[in-house]
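Position 152, counted from 1, in the sequence shown is what my numbering calls 156; the numbers after and before it change by one each time, with no gaps.
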Amino acid sequence: MKSSEELLSQWDHDKTGAPKPYIQRRSIKQLLASSAAAVVAVGLGLVTILLIWQDIRWPIWCILALMLFWVYREAWQWANNYITCDPHDGNLCIQEKANIWLLVLGSPDDTESIENVNLDTPTRTPLDYLFKTVTLYVGTKRLPNIMDVDHLLKIKQYRTSLEQQQKTLSLLSFETSVAILAALERIEGRLATGLAPVQPISPPLPLPPVSQSDLDTHSPTGEIEVPELPDNDETS
Numbered sequence: 005m006k007s008s009e010e011l012l013s014q015w016d017h018d019k020t021g022a023p024k025p026y027i028q029r030r031s032i033k034q035l036l037a038s039s040a041a042a043v044v045a046v047g048l049g050l051v052t053i054l055l056i057w058q059d060i061r062w063p064i065w066c067i068l069a070l071m072l073f074w075v076y077r078e079a080w081q082w083a084n085n086y087i088t089c090d091p092h093d094g095n096l097c098i099q100e101k102a103n104i105w106l107l108v109l110g111s112p113d114d115t116e117s118i119e120n121v122n123l124d125t126p127t128r129t130p131l132d133y134l135f136k137t138v139t140l141y142v143g144t145k146r147l148p149n150i151m152d153v154d155h156l157l158k159i160k161q162y163r164t165s166l167e168q169q170q171k172t173l174s175l176l177s178f179e180t181s182v183a184i185l186a187a188l189e190r191i192e193g194r195l196a197t198g199l200a201p202v203q204p205i206s207p208p209l210p211l212p213p214v215s216q217s218d219l220d221t222h223s224p225t226g227e228i229e230v231p232e233l234p235d236n237d238e239t240s
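The following block contains the structure:
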């Protein structure tokens, strides 16, 4: 049976400190990728208008304004949407905030357990290596341009260690309960041996009453003859 010091040392050995919460935006590569299509489309439209209607200026300004609006819209989404993970509950939260003025409809935050996140990331592309990003797969959802995936890996390892701690705690609780039960059984055995009840002494049985016949039977019968003393005159 383990002693209390051994149980405490085993518990202290299994405990690990929690890492800091994960709070990160997507990489700026996300902003460049989402804005590039709009910039290219607007640029092609602008060149087309210049070639067809060289004397019409207002469509050019409208296209430039639309391009700036789209870039600002993508920049707002990149700056205000975070991916977070709290090590104490292990939930990965993917934010998609809404902004009606920017025509961003958004959606409720997607929450997924870190246990369901595939941290075995695929091979990086040259751009991923340049921007230090990876692609994660959360269930069926693909999350590109994720930064600091090593932090998420530490949180996942911490969650695994918590499960191991719970198993250790259950084992220690069982061993402690057995030790307490064994100690109580030993105390009960000692009390039963040292404090055995003393058998009471029964009072003596009363003697039967003595009858007259018993007295006559046991008393001496007849008269006692007393010897005569010699006369003083005769002896002298």
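For each residue, glycine too, the CB sits at the ideal point set by N, CA and C.
Worksheet entry | Through-space distance from TRP82 to GLY110, alpha-carbon basis | Their backbone Cα atoms lie some 12 Å apart in a straight line.
Fill in: Residues sharing a beta bridge with VAL285, DSSP
Absent from the structure is residue 285, since the part of the chain shown begins at 5 and ends at 240.
Fill in: DSSP bridge partner residues for CYS97 (one or two, in chain order)
DSSP links CYS97 through a beta bridge to THR88, THR115.
Discussion item. When you compare the CB positions of TYR162 and PRO91, do they come within less than 8 Å of one another, or not?
Written reply: Inclusion of TYR162 and PRO91 in the CB contact set at 8 Å is warranted, their separation being smaller than that value.
Item to complete: Measure the alpha-carbon distance for SER31 versus ILE184 and round it to whole angstroms.
Response: About 57 Å.
Discussion item. Output needed for LEU123: all residues of its chain with C-beta closer than 6 Å, excluding positions within five of it in sequence on either side, in chain order.
Written reply: If we look at LEU123 and ignore the five residues flanking it on each side, its Cβ neighbours are LEU157.
Discussion item. Relative to the C-alpha of GLN28, which candidate in THR137, ASP93, THR197 has its C-alpha closest?
Written reply: Comparing alpha carbon positions, the residue from THR137, ASP93, THR197 closest to GLN28 is THR137.
Fill in: Cross-strand partners of VAL108 (DSSP beta bridge)
The partner list for VAL108 (beta bridge, DSSP) reads ASN103.
Worksheet item: Whole-angstrom Cβ separation of GLY94 and ILE118, contact assumed at under 8 Å?
Response: 5 Å between Cβ atoms; contact.
Worksheet item: Does the region 95 to 115 touch the region 65 to 80, meaning 3 or more C-beta pairs lie closer than 8 Å?
Response: Judged by Cβ distances under 8 Å, the region 65 to 80 makes contact with the region 95 to 115, as three or more pairs qualify.
Worksheet item: Under 8 Å, do ILE67 and VAL46 count as touching if we go by C-beta distance?
Response: Contact: yes.
Practice prompt. Give the C-beta separation of THR88 and TYR26 to the nearest angstrom, bearing in mind that I take them to be a contact with Cβ-Cβ under 8 Å.
Written response: About 6 Å separates the beta carbon of THR88 from that of TYR26, a gap short enough to meet the 8 Å contact definition.
Practice prompt. Within 10 angstroms of the Cβ of GLN168, are there 16 or more other Cβ atoms? Answer buried if so, exposed if not.
Written response: Result: exposed.
Item to complete: Could you spell out the range, first to last residue, of the alpha helix (DSSP H) harbouring ASP132?
Response: Segment 130 to 135, the alpha helix (DSSP H) holding ASP132.
Worksheet item: Checking contacts by CB at 8 Å: is ASP114 closer than that to chain D?
Response: Absent from the structure is chain D; it holds one protein chain and no more.
Practice prompt. Can you have a look at VAL51 and say buried or exposed, based on whether 16 or more other CB atoms are within 10 angstroms of its CB?
Written response: VAL51 should be labelled exposed.
Discussion item. Using the Cβ count rule (16 or more neighbours within 10 Å means buried), how would you classify LEU48?
Written reply: So LEU48 counts as exposed.
Worksheet entry | Cβ neighbour criterion (16 or more within 10 Å) applied to LYS24 | Counting Cβ neighbours within 10 Å, LYS24 comes out exposed, since fewer than 16 surround it.
Fill in: Own chain residues within Cβ distance below 7 Å of SER240, not counting five before or after
Its pLDDT being 44, under 50, SER240 is placed unreliably in this model, and the value from its coordinates should be taken loosely. Contacts found: none.
Practice prompt. Count the other CB atoms, across all protein chains shown, that sit within 10 Å of the CB of GLY21; report buried if there are 16 or more and exposed otherwise.
Written response: When all chains shown are included, GLY21 counts as exposed.
Worksheet entry | Straight-line gap, SER174 to ILE159 (C-alpha atoms, nearest Å) | Straight-line Cα distance between these residues: approximately 23 Å.
Worksheet item: Given that a residue counts as buried once 16 or more other Cβ atoms are within 10 Å of its Cβ, and exposed if not, what is GLN170?
Response: Classified as exposed, GLN170 has fewer than 16 neighbouring CB atoms from the shown chains inside 10 Å of its CB.
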